[in-house]
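Asker: Provided herewith is a single structure, encoded as C-alpha cells, for subsequent inquiry.
In my numbering, the protein residues as written are 18 to 536.
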C-alpha cells in the first residue's frame with residue numbers, strides 16, 4: 018500500500034510539474050453540467066421553497082466559480098416541460114413537485130439563473146432534451162396542457178418512457194419552435210443538446226416508429242432515414258438560432274464514440290455502442306458541415322479501458338473537429354466507482370493530456386453534485402493547479418461579432434486597502450461586456466498571452482473601477498486593461514499604466530509620453 022501511495026504521489030507531482038512547465042492556456046472552456054431531471058443536481062428535491070431553490074443555485078455557482086469554471090450547462094427542458102415561463106409547455110414538476118404549477122411566490126428560474134450566472138462572468142448554456150417526453154409511462158403525473166395529451170399521435174412508448182417520434186415533420190417544427198422561444202426571449206449564451214437523440218437501444222426491441230417510417234420514409238433504408246431525421250432537426254435548430262441571435266452558440270455533447278473501426282475505416286479503435294449506428298446521430302457530419310459550433314463528447318472512460326480507451330478517443334476527436342471547437346466531457350461521477358477510478362491521478366492526467374492537443378479547447382464535467390465532498394481531492398486539484406488562473410473562453414472566429422473599442426486608464430490612487438484603478442471607454446455600441454485587467458512587475462515585459470498576469474476579469478459597469486487588494490506599496494507595477502464582447506473577443510490593449518519612483522513619491526503615467534501625476 019505504501020508503495021502504491023508513493024507511486025500515486027510521484028505521478029501527481031510529475032503531472033503538476035508538467036502543467037507548470039508551460040503557461041496554462043489563456044483561452045479554455047471550463048464548464049459543469051447541472052442536471053434538473055429527477056432533481057439530479059438542482060433543485061436538490063421537488064417542492065423546495067423558492068428562496069431555498071434560489072440559494073441552492075447561488076451556492077452551486079459560487080462553488081463552481083471557486084473551482085475555476087467559466088460556464089455552466091443547465092438543463093432547462095428535461096421532459097417536454099420548462100424551467101422557465103413557457104407559453105407552450107408546463108412548468109417542470111422538478112420545481113414545485115407538480116407539473117404545470119408555477120413557483121410560488123412566482124419567479125422565472127431561467128431569468129434568475131441567467132442573471133446570477135452572468136453576474137459572475139460565466140456563460141449560460143441552456144440544455145434541452147429534444148425528444149424525451151415522459152420519464153415513466155407508468156406515472157400519471159403529466160399536466161393537462163402537456164404536449165403528450167395535446168398531440169398523442171406524435172409519441173411512442175419505448176422501454177418504459179415516452180418519446181417524441183423524430184420521424185414526424187411536425188415534431189421537428191414543434192421542438193424548433195420551443196427552442197426559438199427561449200433564444201428570442203432570454204439572454205442565453207448557447208443552446209446545448211446532450212446524447213439523447215433516438216434512445217439508447219434495448220436488447221430484442223426496436224424503436225416503434227414503423228408508422229412514421231411508412232408515411233415519411235422517403236424510400237430510404239430505415240437506419241439512413243433515422244439519421245436523416247436527426248440531421249434535419251440539427252440543421253433546423255442551428256439555422257434558427259443564427260436567424261434569431263447570431264452570437265448564440267449551438268453545441269452537442271454526444272456519446273463518446275462516433276463509430277467503431279470495424280464498421281467504418283474513419284472510426285475509432287473501439288467496440289460497442291456508437292452514435293452513428295445506434296443513436297442515429299452523425300455528429301461528425303454536423304461538424305464537417307458547420308451546423309454546430311462546438312462538440313463535447315462524453316469520454317467517461319478511463320485510460321486503458323478495453324472497449325473505449327480514453328486516450329484513443331481523445332486523439333480521435335482531436336482529429337475530427339473540422340475547425341469547430343472540441344471540449345472533452347469528463348465523468349467526475351465516476352470517481353471511486355472502480356479501481357481505475359479510485360486512482361487520484363486519473364482525471365488530472367486526462368485533463369493534462371487534453372491540454373497537450375491544440376485542437377482540444379477545454380473540458381466539461383458531469384455533474385455538479387459529483388463535486389460534493391471534494392472526491393479524491395479533485396476540487397483542490399482544479400483550484401490549486403489546473404484552474405488556478407482565470408481563462409477566457411475559446412474564440413469562435415466564424416461567428417462575426419466585432420471586438421469592442423479599447424479602454425483607457427483615467428486615474429489611480431494608493432489607499433490603505435490597495436490601489437484603486439479607474440478607466441473608461443468610448444464604446445457606445447454596447448459591445449463591451451467585460452474587462453480584463455493585467456498586472457506585471459515593472460521589470461517584466463508586457464505579454465498579454467500570459468494568463469498568470471490576469472489580475473481580474475470584471476463585468477462592464479458605467480464607471481469601471483477595481484481595487485487591487487494585493488498591491489504592495491513601494492513595489493512598482495505596470496497595468497494594462499482590455500475590453501471583451503459577449504463572445505470574449507478581446508479589444509486592443511489600453512496604453513499601459515506605468516509606475517515609477519520619484520523620491521518618496523510614486524509616479525503614475527497613463528500613456529507612453531505621459532503627463533505625470535503623484536501620490
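A virtual CB, placed ideally from N, CA and C, is assigned to each residue, including glycine.
Since the model is a prediction, treat every value here as computed from it, not as a measurement.
In angstroms with no decimal places, state the Cα-to-Cα distance between residue 497 and residue 380.
Answerer: Each residue's Cα considered, the two are about 29 angstroms apart.
Asker: Identify, in the order they occur along the chain, each residue of the same chain with its Cβ nearer than 6 angstroms to the Cβ of residue 406, setting aside the five sequence neighbours on each side.
Answerer: For residue 406, where only same-chain residues beyond five positions count, the Cβ hits under 6 angstroms are 41, 468, 469.
Asker: Taking DSSP as the reference, what is the three-state secondary structure of residue 194?
Answerer: DSSP places residue 194 in helix when its eight states are reduced to three.
Asker: Measure the C-alpha to C-alpha separation of residue 507 and residue 474 and round it to an integer number of angstroms.
Answerer: Looking at the two C-alpha atoms, the distance is approximately 12 angstroms.
Asker: Are at least three pairs of beta-carbons, each pair with one atom in the region 141-152 and one in the region 79-93, less than 8 angstroms apart?
Answerer: Flag = yes, the region 141-152 and the region 79-93 touch.
Asker: In this structure, how does DSSP classify residue 285 when only helix, strand and coil are distinguished?
Answerer: Looking at residue 285 - three-state DSSP - the assignment turns out to be strand.
Asker: Whole angstroms are fine: how far does the CA of residue 444 sit from the CA of residue 360?
Answerer: Residue 360 and residue 444: Cα-Cα distance of roughly 50 angstroms.
Asker: Are the beta-carbon atoms belonging to residue 243 and residue 293 less than 7 angstroms from one another?
Answerer: Result no, Cβ atoms of residue 243 and residue 293 do not sit closer than 7 angstroms.
Asker: Alpha carbon to alpha carbon, how far is residue 79 from residue 490? Give it in angstroms, no decimals.
Answerer: In a straight line, the C-alpha of residue 490 is about 31 angstroms away from that of residue 79.
Asker: State the CB to CB distance for the pair residue 181 and residue 150, rounded to an integer number of angstroms; the pair is presumed to be in contact (CB under 8 angstroms).
Answerer: At roughly 6 angstroms, the Cβ-Cβ gap stays under 8 angstroms, so residue 181 and residue 150 are in contact.
Asker: For the region 157-217, list the alpha helix (DSSP H) runs that are entirely contained and at least 4 residues long, ordered along the chain.
Answerer: 164-167, 186-202, all fully within the region 157-217.
Asker: Jot down the residue ranges of each uninterrupted alpha helix (DSSP H) in the region 417-497, minimum 4 residues, whole runs only, in chain order.
Answerer: The region 417-497 contains no whole alpha helix (DSSP H) run of 4 or more residues.
Asker: Near residue 160, what residues of its chain come up, given a Cβ to Cβ distance below 7 angstroms and the 5 sequence neighbours on each side ignored?
Answerer: 107, 116, 117.
Asker: Using alpha carbons as the reference points, say which of 201, 195, 259, 193 lies closest to residue 416.
Answerer: Among 201, 195, 259, 193, the Cα nearest to that of residue 416 is on 259.
Asker: Measure the alpha-carbon distance for residue 404 versus residue 398 and round it to whole angstroms.
Answerer: Approximately 8 angstroms, taken between the alpha carbons.
Asker: May I ask you to report which of helix, strand or coil DSSP gives residue 50?
Answerer: In this structure, residue 50 counts as strand in the three-state DSSP scheme.
Asker: Measuring straight from C-alpha to C-alpha, what distance separates residue 526 and residue 451?
Answerer: Their Cα atoms are separated by approximately 24 angstroms.
Asker: Which whole-angstrom value is the C-beta distance of residue 84 and residue 400, which I expect to be below 8 angstroms?
Answerer: Sure, about 6 angstroms apart at Cβ, within 8 angstroms.
Asker: Going by beta carbon distance, what residues of the same chain come within less than 8 angstroms of residue 200, once the five residues before and after it are set aside?
Answerer: Closer than 8 angstroms at Cβ, skipping near neighbours: 208, 257, 258, 261, 262, 265.
Asker: Applying the 10 Å Cβ sphere with the 16-neighbour rule, what's the burial state of residue 179?
Answerer: The residue is buried, with at least 16 neighbouring Cβ atoms inside 10 Å.
Asker: In this structure, does DSSP put residue 327 in helix, strand or coil?
Answerer: In this structure, residue 327 counts as helix in the three-state DSSP scheme.
Asker: For residue 449 and residue 166, I'd like the C-alpha separation in whole angstroms.
Answerer: Looking at the two C-alpha atoms, the distance is approximately 46 angstroms.
Asker: Starting from residue 268 and walking both ways along the beta strand (DSSP E), at which residues does that stretch end?
Answerer: 266-269 is the extent of the beta strand (DSSP E) around residue 268.
Asker: Taking Cβ positions, are residue 488 and residue 436 nearer each other than 7 angstroms?
Answerer: Cβ atoms of residue 488 and residue 436: closer than 7 angstroms.
Asker: Beta strand (DSSP E) containing residue 515: first to last residue?
Answerer: Unbroken beta strand (DSSP E) run through residue 515: 514-519.
Asker: I'd like to know if the region 341-357 and the region 305-320 are in contact, where contact means that at least 3 CB-CB pairs between them fall below 8 angstroms.
Answerer: The region 341-357 is in contact with the region 305-320.
Asker: Just reading off the beta strand (DSSP E) that residue 524 is part of, what are its end residues?
Answerer: Segment 522-526, the beta strand (DSSP E) holding residue 524.
Asker: Who does residue 152 pair with in a DSSP beta bridge?
Answerer: Per DSSP, none; premise fails for residue 152.
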